[in-house]
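Protein chains in written order, with the numbering used here: chain A, 361 to 730; chain B, 6 to 392.
Cβ atoms here follow ideal geometry from the backbone N, Cα and C, with glycine treated the same way.
What you are looking at is a predicted structure, and each value in this text was computed from that prediction instead of being measured.
A short write-up of the structure that comes next.
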Amino acid sequence: MSGTRGRVLAAMSGGVDSSVAAALLAEQGYEVIGATMKLFCYGDHVPDRPCCSLDSIDDARRVCEQIGIPHYVLNLESAFGRDVIDDFVSEYAAGRTPIPCVRCNTFTKFRDLLHKAQALECDWIATGHYARALGGELLRGADPAKDQSYFLWGIDRAVVRRMLLPVGALSKPETRRRAHALGLDVVAEKRESQDICFVPDGDHAAVLARHLGPDAPALAPGRFVDSAGRPLGEHQGYARFTVGQRRGLPGGSPEPLYVIAIRPDTREVVIGPKAELLGRGVIARSVNWLVDAPPSAGDHVHVQVRHRAPAAPAEIVRLENGEIELALDEPVSAITPGQSLVMFDGDRVLGGALIAASRAARPTLPILAA
Amino acid sequence: MPQPIYLDHAATTPVRREVFEAMEPFYGPRFGNPSSTHRWGRDARAALDAARERLATCLGAQSSEVFFTSGGTEGDNTAIVGPYMAVRDSGKRAVVTTPIEHKAVLGAMHFAHAQGAEERILSMSHAGVVDRASYDALVRPDVAVVSVMWVNNEIGVVQDIAALATVAKSRGVLFHTDGVQAFGKVAIDARAVPFDLLTFSGHKIGAPKGIGGLYVRHGTPCEPLLHGGSQNRGLRPGTENVAAAVGLARAAELAIAEREAEMRRLGMLRDRLERAILARVPDAVVHGGGGPRAPHILNVSVPGTDSESMLMALDLAGVACSSGSACTSGSVDPSHVLAALGVPRELAVAAVRMSLGSLTTDDAIDRVSELFPALVAKARRLAGAAA
């Protein structure tokens, strides 16, 4: 093992991206240690999944064996349960739509795993994310179709300097080609993991039922209403819905209906036509900045309110106590509480926050006293 | 990196040269099936019978009381489920064990429970020794089988099997002991100690993985788990692994012949390592140190560290140790043994087991005596910096 460029702990899910990341770093002369995080109990009726399964641990182990680096399985089950799964459950119970991957990155990968890396005297931590870390700043991945920077806004800014994201400079097809070229045929053509790793078959309601109990209000029947409060039918639990959703709504309306809002207090799911989904303003909390000189009120940024949404121009109108409010130049559809608001300057990730609410009317800068 | 150091003999050991040589003909010219009537069969049969006889001698048993198995897990399962199935209809419907057994015993107990057995768990002293009052209270005539491990695989604590087996016998209760870690390490004599069943395994004593043995005293009711031919008197059908059985017999003979000297040697090395660690890490906690302990195991927790990081750091520095039990994923889980003995969680998650054996040299112990405290200091410094 050479290791002239320092020691790196590579988080390896057993998928193609993190396998190639580890192999590339080893090839570049880093001393790479492979680590697969065990995040939840595999005995819990989780069928085979593209990532996080026992098979995936075996794949990661085989890849490490092939690259010629040590491999360890790190048990982060209790921390992941507390920081990610519990939050996932309580967010749904509160009528919001969480992104557990964001919290996993913030707390599990780039905090808890980083601590493990430090204990092993690693200078770096590497993952298979499609994003780039350059000069202490986080940038979008080179492949716009695969960019995962949206999920990384919550990490501690100081950590960016220690991140190595080698596949962030590649496109997905390039990554697969590199996998073949590196002889990693075990993982080269593995399918993408689309679902949330701890939610079997995409059935998040089943996970909620297990944690909250089947009689929880979030899973109890409630009313569909329109924005004027008129009842439009009954649903089987507001936690089964997210803003912008069409599936599972009552039919019979001349135009397609969407979920506009969720009201956990009354267990109402507000539905309406597409026009009602549009927001001109967004309020978000728990702001985290990833740049030395973050923007302030009056500055213009580009924002993304969901993964794969195009970046939309916006103006910061309020920023105080970790809460931010932005005015959107053009209306944006389906701004969803619980999702992430990520702010960009071109490819640079400026920071992000958790969406608390959308506003139908465009907010304005407060008029300052002269 | 200097020569790596293997301190995980309780997990497995290398096959000894003498054992390998003893087995080799049975992978070549002496390949026969011992159940065949022709000359090849007779030759294999003779070797198998001799292996059984030699093992019987090692155990103070008769050869008809020795059965070949695939290893410790099969032996434990057969020795618990077999007797339970055989006697449950006579009103003996309880099974008794300790909370510090190997998962093979605990799993077999849970299986018996699923088949209708009442499962009773003995209380333990903090040192890891069976509480005699609890034993007295739970081992009643309604018990089908009681199982107590002779030497604990994680902390090395040795139980008073002679006394426990005697009590069970006086109450008409079948007594099994998981002897996987005891075999070749402590004196075992079926003529002196009235256990009814004893499980042992080959790969802990220099025989290959996949072979083990079960001692079943004459007259002990025991149903087979597998069904088929008449091999092993029907208790364990299937064509015998002749080569491995011969290897097991050879390994057992060697281990028993060398036992006293080797255990003295390992005990001195273990104590030296323990003293060196405690001298430089005074707040380290040695598990199982308060009671009788097998000489080849040292299990130590350093407050403020965690097993996972220590094992990785040791491995990266070339030293192979383990925590308690590894789970299927290969990750480190807190030990059920330490939890059962009331070890606080923050200490249990820091446990590192070092187990000595044939590969352990004076030099290796000296190096680990230096390295372990150095890694502890580093881990604590980093933990302090992270906090």
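Spatial distance of residue i from residue j (CA atoms)
| i | j | result |
| --- | --- | --- |
| A:V692 | A:Q478 | 42 Å |
| B:F377 | B:M273 | 18 Å |
| A:A486 | A:L524 | 5 Å |
| A:P410 | A:R551 | With a pLDDT of 43 at A:P410, under the threshold of 50, the predicted position of this residue should be treated as unreliable, though the coordinate-derived value follows. So the two alpha carbons sit approximately 7 Å from each other. |
| A:L512 | A:T468 | 12 Å |
| A:A720 | B:D338 | 51 Å |
| A:A383 | A:H475 | 22 Å |
| B:E159 | B:R275 | 14 Å |
| A:T396 | A:G374 | 8 Å |
| B:V354 | A:D446 | 23 Å |
| B:H43 | B:R59 | 24 Å |
| A:K532 | A:L544 | 15 Å |
| B:W45 | B:A379 | 58 Å |
| A:I556 | A:A669 | 19 Å |
| B:L111 | B:P104 | 8 Å |
| B:S235 | B:K97 | 28 Å |
| A:A386 | A:I427 | 7 Å |
| A:S718 | A:I684 | 12 Å |
| A:G528 | A:N465 | 16 Å |
| A:I429 | A:A569 | 41 Å |
| A:E391 | A:V433 | 18 Å |
| A:E330 | A:F584 | Because chain A in this structure spans residues 361 to 730, residue 330 of chain A falls outside the shown range and cannot be described. |
| B:G309 | A:R442 | 21 Å |
| A:D404 | B:A66 | Per-residue confidence for A:D404 stands at a pLDDT of 47, beneath the threshold of 50, marking its modelled position as unreliable; the derived number appears in the next sentence. Spanning the two alpha carbons is a distance of roughly 45 Å. |
| B:T365 | B:R386 | 30 Å |
| A:L609 | A:L617 | 7 Å |
| B:G207 | B:G239 | 21 Å |
Cβ-based neighbour list, residue i, same chain, cut-off 7 Å, excluding 5 preceding and 5 following
| i | result |
| --- | --- |
| B:V144 | V101, V151, V172, A173, R176 and V178 |
| A:D472 | L436 and A439 |
| A:S587 | I620, V630, G632 and E636 |
| A:A580 | G597 and R627 |
| A:E451 | P458 and G698 |
| A:G712 | W513, G514, N648, S700, L701, V702 and M703 |
| B:L361 | L12, H14, L271, L274, R275 and H301 |
CB contact flag (residue i, residue j, <7 Å)
| i | j | result |
| --- | --- | --- |
| A:T457 | A:Q605 | no |
| B:M317 | A:L480 | yes |
| B:L219 | B:T62 | no |
| A:A653 | A:V663 | no |
| B:D1 | B:S128 | Past the edges of chain B, shown from 6 to 392, lies residue 1 of chain B, and the structure says nothing about it. |
| B:V373 | B:V307 | no |
Residues of its chain near residue i, where Cβ-Cβ distance is below 8 Å and the 5 sequence neighbours each way are ignored
| i | result |
| --- | --- |
| A:D408 | In this prediction, A:D408 has a pLDDT of 45, which is less than 50 and means its spatial position is unreliable; what the coordinates show is noted afterwards. Contacts found: D415. |
| A:R722 | R640, G641, A687 and L688 |
| B:Q8 | G323 |
| B:V86 | A113, F116, A117, Q120, E228 and L230 |
| A:A371 | S378, A395, T396, M397, K469, L473, I485, A486, T487 and G488 |
Delimiting residues of the beta strand (DSSP E) encompassing residue i
| i | result |
| --- | --- |
| A:E391 | E391 to K398 |
| B:L203 | L202 to S206 |
| A:H595 | P591 to H595 |
| B:E23 | Counting along the chain, B:E23 falls outside any beta strand (DSSP E), though it belongs to the alpha helix (DSSP H) covering R22 to M28. |
| B:G393 | An answer regarding residue 393 of chain B cannot be provided, because it is not within the stretch 6 to 392 covered by chain B. |
| A:M703 | S700 to D705 |
| B:T182 | L179 to D183 |
| B:T102 | A99 to T102 |
Span of the alpha helix (DSSP H) around residue i
| i | result |
| --- | --- |
| A:S379 | V376 to E387 |
| B:M175 | Note on residue identity: the sequence assigns Ser, not Met, to residue 175 of chain B. Looking at the DSSP string, the run of the alpha helix (DSSP H) that includes B:S175 is I166 to S175. |
| A:A569 | H564 to L572 |
| B:T83 | G77 to V92 |
| A:Q478 | L473 to A479 |
| B:G218 | No alpha helix (DSSP H) holds B:G218; the beta strand (DSSP E) holding it covers G217 to V221. |
| B:E159 | Note, B:E159: premise wrong, no alpha helix (DSSP H); not H, not E. |
Own chain residues within Cβ distance below 6 Å of residue i, not counting five before or after
| i | result |
| --- | --- |
| B:S75 | G215 |
| B:L203 | T182, G184 and Y220 |
| B:P297 | V163 |
| A:V520 | A493, G496 and L498 |
| B:A212 | V24, G252, L253 and A256 |
| B:A187 | W155 and V156 |
| A:R666 | Q699 |
Evaluate contact between the segment 594-609 of chain A and the segment 452-467 of chain A, counting only Cβ atoms and requiring at least three cross-stretch pairs below 8 Å.
Verdict: yes, contact present.
Cβ contact (3+ pairs, closer than 8 Å) linking the segment 282-299 of chain B and the segment 252-267 of chain B:
Touching, no.
How about the segment 18-26 of chain B and the segment 242-258 of chain B: do they share at least three Cβ pairs that are nearer than 8 Å?
Touching, yes.
Within the chosen definition, does the segment 491-510 of chain A reach the segment 704-718 of chain A through at least 3 CB pairs nearer than 8 Å?
The answer is yes - the segment 704-718 of chain A touches the segment 491-510 of chain A, with three or more Cβ pairs under 8 Å.
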